[in-house]
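Colleague:
Residue numbers (the working numbering): 168 to 568.
See below:
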């Protein structure tokens, strides 16, 4: 405690000396070096913009303090006084490797790691700033604490602004610090771009964040799943696809059923390809979809609103899971309508499941199946229909003599 107290007094004395020696560049350089040496955290920009400008214009590349002044200018970012900005234009756009390295080694004394990266978003036109960002990330110059929540929330914007920055190296560098608490709100605030990159990264931070996202979805209620499935373009749904989530629980299955039933009732199908992938994902992990598609079968029977578009989407799964032959006459009347025969893609679905179609037709009485059979017979000149007709043992009408 005594040592810490003495250091506090010493740092206070150094700052007072700095304040009284602002006109003496040589003394300032020595005082700043001493203060940096005894400080665990950043010392901050202790000079005004006017003082930084005056000292900078009296310094050159051979002086160490010259690079401190540039670091102070970068730390001030867009807040630096406008009248003095033009005098730094040349240095702010340098790509000199030596300058970049020397400034990068000093920057942490004047601004925190996270603030420097975040400030780069509003200071995008400086080559030097971008190069220093890359340098401190790639070489882990900063040893102080960083606000991980802010950095991960702005991860994509930081990477887009600093085009020299490799996202993979950035994630690995952030792993120097303890992983943040990934609560639901924080997970939602992180851009999906970060998660895409984290999946390719072996760092502790990357693994912690992906595991947290999996747990986030594991704990979803039926209502939350319903909300996601209603908007397959949402950030959350895209995140599901990014991490390849497939630990579907009963809540997710019920929510999917509700969504599919809504489509069957309204006839509105959006994001067809995405929804197809979702159903296939449930299939791939062995989820039982029989009850889901039986309910959809019954919905079509109840409302009789099946049409070509709905059949193109639901057809193959109805044949696969809905046990259509259980309600053969109703299915033939309300689902397997003859207008399906005028669409080649619908006919292909019927042909792919022709054994089921045959069982349905054979299970119906002559009166119940007559409309469908006549529909096939009337179109039998079509090659696809002819294949279906052969399976159903429906023959071409005899020509009248």
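Where a beta carbon is used, it is the ideal one built from N, C-alpha and C, also for glycine.
Pairs of beta-carbons, one from the region 266-286 and one from the region 231-243, closer than 8 Å: are there three or more?
Modeller: yes
Colleague: Please state whether DSSP places residue 351 in a helix, a strand or coil.
Modeller: helix
Colleague: Once DSSP output is grouped into helix, strand and coil, what is the label at residue 190?
Modeller: It is coil, neither helix nor strand.
Colleague: If you drop the 5 nearest sequence neighbours on each side, which residues of the same chain put their C-beta closer than 6 Å to that of residue 413?
Modeller: 448, 452
Colleague: Check for me: the alpha helix (DSSP H) holding residue 430 runs from which residue to which?
Modeller: 417-433
Colleague: Can you tell me the Cα-Cα spacing of residue 479 and residue 516, whole angstroms?
Modeller: 8 Å
Colleague: From which residue to which residue does the alpha helix (DSSP H) around residue 453 run?
Modeller: Note, residue 453: premise wrong, no alpha helix (DSSP H); not H, not E.
Colleague: Buried or exposed: residue 302, going by 16 or more other Cβ atoms within 10 Å of its Cβ?
Modeller: buried
Colleague: Are the region 361-371 and the region 321-340 touching, with three or more C-beta to C-beta distances below 8 Å?
Modeller: Of all C-beta pairs linking the region 361-371 to the region 321-340, three or more are shorter than 8 Å, placing the two stretches in contact.
Colleague: Can you find the residues in the same chain that come closer than 6 Å, C-beta to C-beta, to residue 270, ignoring five residues on each side of it along the sequence?
Modeller: Result list for residue 270: 234, 237, 238, 299, in chain order.
Colleague: Identify, in the order they occur along the chain, each residue of the same chain with its Cβ nearer than 7 Å to the Cβ of residue 383, setting aside the five sequence neighbours on each side.
Modeller: 351, 354
Colleague: Taking 8 Å as the cut-off, decide whether the C-beta atoms of residue 205 and residue 174 are in contact.
Modeller: For the 8 Å CB-CB criterion, residue 205 and residue 174 form a contact.
Colleague: Assuming residue 527 contacts residue 551 (C-beta within less than 8 Å), just tell me the rounded distance between them.
Modeller: Your pair residue 527 and residue 551 does not check out as a contact, with CB atoms roughly 18 Å apart and the cut at 8 Å.
Colleague: In this structure, how does DSSP classify residue 590 when only helix, strand and coil are distinguished?
Modeller: Past the boundaries of the shown model lies residue 590; the chain is included only from 168 to 568, so the question cannot be answered.
Colleague: Can you round the beta-carbon distance between residue 176 and residue 185 to whole angstroms, since I take them to be within the 8 Å contact cut?
Modeller: The distance from the Cβ of residue 176 to that of residue 185 is about 15 Å, inconsistent with a contact at the 8 Å cut-off.
Colleague: Cβ atoms of residue 189 and residue 218: under 8 Å apart, would you say?
Modeller: yes
Colleague: With DSSP collapsed to three states, give me the class of residue 509.
Modeller: Annotated three-state conformation of residue 509 is helix, per DSSP.
Colleague: Based on Cα-Cα distance, which residue from 342, 321, 273, 389 lies nearest to residue 361?
Modeller: Taking the Cα of residue 361 as reference, the smallest distance to any Cα among 342, 321, 273, 389 is reached at 321.
Colleague: Going by alpha carbons, who is nearest to residue 533 out of 563, 495, 488?
Modeller: 495
Colleague: From residue 397 to residue 482, what does the alpha carbon distance come to, in whole angstroms?
Modeller: Looking at the backbone, the Cα of residue 397 and that of residue 482 are separated by about 21 Å.
Colleague: If you draw a straight line from the C-alpha of residue 170 to the C-alpha of residue 358, how long is it?
Modeller: At residue 170, the pLDDT of 48 sits below 50, so the modelled position is not reliable and the matter cannot be decided from this model.
Colleague: According to DSSP, simplified to helix, strand and coil, what is residue 184?
Modeller: DSSP places residue 184 within a helical segment (H, G or I) once states are collapsed to three.
Colleague: Mind checking residue 242: buried by the 16 CB within 10 Å criterion, or exposed?
Modeller: buried
Colleague: Which word fits residue 593, buried or exposed, when buried means at least 16 other C-beta atoms lie within 10 angstroms of its C-beta?
Modeller: Absent from the structure is residue 593, since the part of the chain shown begins at 168 and ends at 568.
Colleague: How about residue 263 and residue 285: are their beta carbons less than 8 Å apart?
Modeller: With respect to the 8 Å criterion, residue 263 and residue 285 are not classified as neighbours on the basis of their beta carbons.
Colleague: Helix, strand or coil: which one does DSSP assign to residue 179?
Modeller: Helix at residue 179.
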